[in-house]
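Structure first, then comments.
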Amino acid sequence: MLCSLVSNGQPQTPDRLELTVPWWSFTKTVLATTALSLVRDGLIGLDERILDQPFTLRQLLRHEAGLADYGELAQYHTAVTNSELAWSADEMMQRLDGARLRYSPGTGWRYSNVGYLLIGRLIERLTDLTLDNAVTKRVLSPLGLSNVRFAETRADLQTPHLGSTSNYDPAWVYHGLLIGPISQAALFLDRLLRGDLLSTSLLQEMQTARALDGPIPGRPWITPGYGLGVMQGSIEGGHSLCGHTGCGPGSVIAAYRICDGDTSACCAAFEAGASEGAVEAFVVGKLVQAIRGG
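Just so you know, we're using my numbering here: the sequence shown kicks off at 10 and counts up by one.
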């Protein structure tokens, strides 16, 4: 398993030539951070309705907007299994009936990649930049990250030396799929949550989670929840975990941070052919060990 650990702001993993891996849904945390930088700069309010829709930015970021997800379409999974080219966003929305809300915004919770597609479009509209450029300018560069970009071709996702030979078209991830070294995922989360980019009040908003049904079988969460682009909740031992897990064809990434008083630890891990629970449990073990000084 690839792993990178940051303890009290200091990288603990030896420098080495690192492999580029897909960040899968950890990309959502980066997109949420970019959106919150727009809030910071007064370009939009968290509780402002957006894109002429009945939902707010907060509801989109927390999966409370009432939107469905294309992952529920059987034909999507068939197309991915057959290594087909991704549909256009318009075709996907038509197949999904994606404009129809499944519940009134704010009254329920439903994980939705479509919501983050709309967030990406909002970022582009408010910055007058491509999503790639906006994310780099507003988040990646200010946090000192390098070698992180959006995947554009199937070849970007092929890592046979890790046991993953996926022929997955990254365009299936309609909000965009970041790829980069695992160390950069750990540094991003650690620097973000220690306050290097957003104000304390915005970070508190980000980590204010909607409680979900839990615990989740096979995963370390006791009281899982979802904040603004982050998975947030308690684990055994009373620690609160903040970060995100992502999975795609053939691999899983998990990046989380915990604090205990003035001590903090952040760990990101990536594994091909593993379950979400297995990678999360590995990360939790590393974090607890780091917090305890092991």
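No residue lacks a Cβ here, since even glycine has one placed at the ideal position from N, Cα and C.
Exposure label - residue i; buried when at least 16 CB within 10 Å
i      : result
GLN241 : buried
SER103 : The sequence given here has Gln at residue 103, not Ser. The residue in question, GLN103, is exposed, as its Cβ has fewer than 16 Cβ neighbours within 10 Å.
LEU127 : buried
HIS86  : exposed
GLN68  : buried
LEU60  : exposed
ASN122 : buried
SER284 : exposed
PRO63  : exposed
GLU161 : exposed
GLU81  : exposed
ALA264 : buried
THR272 : exposed
ALA195 : buried
SER16  : buried
SER34  : buried
THR36  : buried
THR209 : exposed
THR65  : buried
Closest by C-alpha distance to residue i, when choosing among the options
i      : options                        : result
ARG266 : GLU27, ILE191, GLN84, ASP199   : ASP199
GLY115 : TRP96, ARG71, GLU81, ASN122    : ARG71
MET10  : CYS276, ILE300, VAL297, SER92  : CYS276
THR22  : TRP32, SER34, ALA274           : ALA274
ALA44  : TYR112, LYS146, SER113         : LYS146
SER155 : GLY282, GLN84, THR29, ARG111   : THR29
GLU100 : GLN84, SER113, SER92, ARG111   : GLN84
LEU212 : SER46, ASP137, CYS12           : SER46
TYR7   : GLY302, TYR125, GLY282, GLY294 : Outside the modelled stretch of the chain, which goes from 10 to 303, sits residue 7, for which no answer is possible.
CYS256 : PRO31, GLN19, GLY18, PRO20     : PRO31
ASP50  : ILE231, LEU207, ARG130         : LEU207
Collapsed DSSP secondary structure at residue i in the structure displayed
i      : result
THR139 : coil
THR253 : Sequence inspection shows His at residue 253; the Thr mentioned does not correspond to that position. It is a strand residue.
VAL182 : coil
THR162 : coil
ALA299 : helix
GLY234 : strand
GLU73  : coil
GLY242 : strand
ASP50  : coil
GLU93  : coil
GLN19  : strand
PRO227 : The amino acid at residue 227 is misidentified as Pro; the sequence shows Gly. DSSP places GLY227 in coil when its eight states are reduced to three.
LEU211 : helix
THR65  : strand
TYR120 : coil
ALA281 : strand
ARG130 : helix
THR145 : helix
ASP269 : strand
LEU14  : strand
GLN192 : Checking the sequence shown, residue 192 turns out to be Ser, not Gln. DSSP places SER192 in helix when its eight states are reduced to three.
ARG111 : coil
VAL157 : coil
Other residues of its chain near residue i: CB distance less than 6 Å, five sequence neighbours each side excluded
i      : result
VAL48  : LEU55
THR38  : GLY238, VAL239, HIS253
ALA290 : PRO229
GLY227 : GLY286
ALA41  : LEU70, LEU237, GLY238
LEU202 : ARG266
SER13  : THR22, ILE191, SER192, ALA195, ALA277
Sequence-distant residues of the same chain with beta carbon closer than 7 Å to residue i, five excluded per side
i      : result
VAL157 : LEU149, LEU187, GLY189, GLN193
LEU52  : LEU135
TYR120 : HIS72, ASP78
ILE225 : PRO233
VAL292 : ALA263, TYR265, CYS276, ALA278
GLU214 : LEU55, LEU237
SER113 : GLY75
Contact set for residue i: own chain, Cβ-Cβ below 8 Å, skip 5 residues either direction
i      : result
ASP205 : PRO151, LEU152
ALA180 : LEU94, ALA95
VAL288 : MET10, THR254, VAL261, ILE262, ALA263, ALA278, PHE279, GLU280
ASP141 : ARG158, PHE159, GLY185
Any non-hydrogen atom of the ligand SAH closer than 7 Å to residue i Cβ
i      : result
PHE291 : By its list of ligands, the structure shown contains no ligand whatsoever, and the ligand SAH lies outside what it can speak to.
Minimum Cβ-Cβ distance from residue i to chain C less than 8 Å
i     : result
LEU69 : Protein chains in the displayed structure number just one, and chain C is not present.
At least three beta-carbon pairs within less than 8 Å, the stretch 214-227 to the stretch 185-192: no
Using 8 Å as the Cβ pair cut-off and three pairs as the minimum, do the stretch 93-112 and the stretch 57-77 touch? yes
Do the stretch 160-169 and the stretch 231-250 touch if we need at least three Cβ pairs shorter than 8 Å? no
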